[in-house]
Amino acid sequence: MDINGASAIVTGGASGIGAAAARQLADKGARVVVADLQADRGQALAEEIGGVFVTVDVTNTEQIEDAVNTAADLGPLRALVNSAGIGWAQRTIGKDGEFASAHSLDAYKKVLAINLVGTFDCIRLAATAMSRLDPTDTGERGAIVNLTSVAAFDGQIGQAAYSSSKGGVVGLTLPVARDLSAVGIRVNTVAPGLIDTPIYGEGEASEAFKAKLGESVLFPHRLGKPEELASMVLELITNSYMNAEVVRVDGGIRMPPK
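Per the working numbering, residue 533 is the first one in the sequence shown, and the count goes up by one each step.
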């Protein structure tokens with residue numbers, strides 16, 4: 533699918549994998565809406581790539597609608613990348629046997645609200661806008677790529693909330709792809725492994741920690757680069773025969789229990 537002259541939305545687009553995807557989409561000629569809560573970074577990136585920054589909390593439907601409408605003003609909305617998300621680590625029960633020390637239910641709900649419900653809200657609204665478009669020469673109206681995690685398959689101790697949310701995104705990929713096939717919209721999901729993003733911080737201690745993590749990767753023995761993930765995102769958007777797939781991009785890692 534040719535995205536030159538089309539618009540695209542990248543949630544969580546101000547940093548990490550989202551920012552790398554936004555740059556690569558722009559390199560292919562797309563007008564990118566960088567949708568994020570990080571205004572300074574998001575605005576700077578949008579200016580760099582000739583796109584537009586929109587403040588978006590993916591738990592806020594009105595803000596998602598604003599992003600979709602902004603994209604439609606830039607050109608036909610052909611691509612959505614769902615990269616917004618948060619992490620959370622907490623064991624299911626505490627050590628003292630008290631109800632109060634069990635996993636925070638509010639935290640569990642928040643992680644699902646952002647990572648899973650927010651992803652679906654973006655899908656349903658962007659796909660609605662895509663469905664109004666005339667199809668391309670290949671019969672397509674758009675493509676959607678979700679970012680999940682290897683934690684959807686190899687969830688570690690303390691990742692009940694995170695793995696639940698990411699597993700939910702894996703689970704919706706096929707039924708939504710089947711649903712949207714009727715209007716020529718493809719849906720795929722990428723499951724990253726250990727990726728070198730700002731979450732690990734900076735400095736010598738951070739670099740040493742990342743090097744240690746990289747030893748657990750099958751090959752190559754390092755963390756993945758955001759650009760490597762973004763290239764898969766771009767492939768799933770532009771390759772018209774990729775649909776309903778969940779693709780691990782993880783260097784072959786299989787996460788241990790902890």
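C-beta atoms are modelled at their ideal positions from N, C-alpha and C, and glycine is treated no differently.
Residue i classed as buried or exposed, judged by whether at least 16 other C-beta atoms fall within 10 angstroms
i: Arg-664; result: exposed
i: Leu-768; result: buried
i: Thr-721; result: buried
i: Ala-562; result: buried
i: Arg-623; result: exposed
i: Asn-592; result: exposed
i: Leu-637; result: exposed
i: Ala-553; result: buried
i: Asp-559; result: exposed
i: Ile-625; result: exposed
N- and C-terminal bounds of the beta strand (DSSP E) containing residue i
i: Thr-770; result: Run containing Thr-770: none in the beta strand (DSSP E); it sits in the alpha helix (DSSP H), 758 to 770.
i: Val-682; result: Note, Val-682: premise wrong, no beta strand (DSSP E); not H, not E.
i: Val-778; result: 778 to 781
Span of the alpha helix (DSSP H) around residue i
i: Gly-507; result: No answer is possible for residue 507: the residues shown for the chain start at 533 and end at 790.
i: Ser-539; result: Here Ser-539 belongs to no alpha helix (DSSP H); instead the beta strand (DSSP E) covers 539 to 543.
i: Ile-655; result: 650 to 663
i: Val-643; result: 637 to 644
Cβ separation of residue i and residue j, assumed to be a contact under 8 Å, to the nearest whole Å
i: Ser-547; j: Pro-730; result: 6 Å
i: Ile-785; j: Leu-750; result: 6 Å
i: Val-708; j: Leu-657; result: With 8 Å as the limit, Val-708 and Leu-657 do not qualify as a contact, their Cβ atoms being about 13 Å apart.
i: Val-590; j: Thr-602; result: Contact flag wrong, Cβ pair sits at about 15 Å.
i: Ser-772; j: Thr-705; result: About 17 Å; that fails the 8 Å criterion.
i: Val-682; j: Val-765; result: Their Cβ separation, rounded to whole angstroms, is 16 Å, which puts Val-682 and Val-765 out of contact at 8 Å.
Pairwise C-alpha distance: residue j and residue i
i: Ser-763; j: Glu-630; result: 47 Å
i: Ala-616; j: Val-701; result: 12 Å
i: Ile-541; j: Val-643; result: 22 Å
i: Val-779; j: Thr-543; result: 19 Å
i: Asn-536; j: Asp-666; result: 16 Å
i: Leu-606; j: Ala-743; result: 42 Å
i: Gln-556; j: Ala-740; result: 29 Å
i: Ile-549; j: Lys-627; result: 36 Å
i: Ser-539; j: Gly-746; result: 36 Å
i: Ala-551; j: Glu-579; result: 12 Å
i: Ile-727; j: Gly-756; result: 4 Å
8 Å Cβ cutoff, residue i in contact with chain B
i: Arg-563; result: Absence of chain B from the displayed structure is noted, only one protein chain being present.
What are the uninterrupted segments assigned as beta strand (DSSP E) that are 3 or more residues long and contained completely in the segment 551 to 617, given in chain order? 563 to 568, 584 to 587 and 609 to 614
Enumerated in chain order, which unbroken segments of the alpha helix (DSSP H) with a length of 4 residues or greater are wholly contained in the segment 722 to 753? 736 to 746
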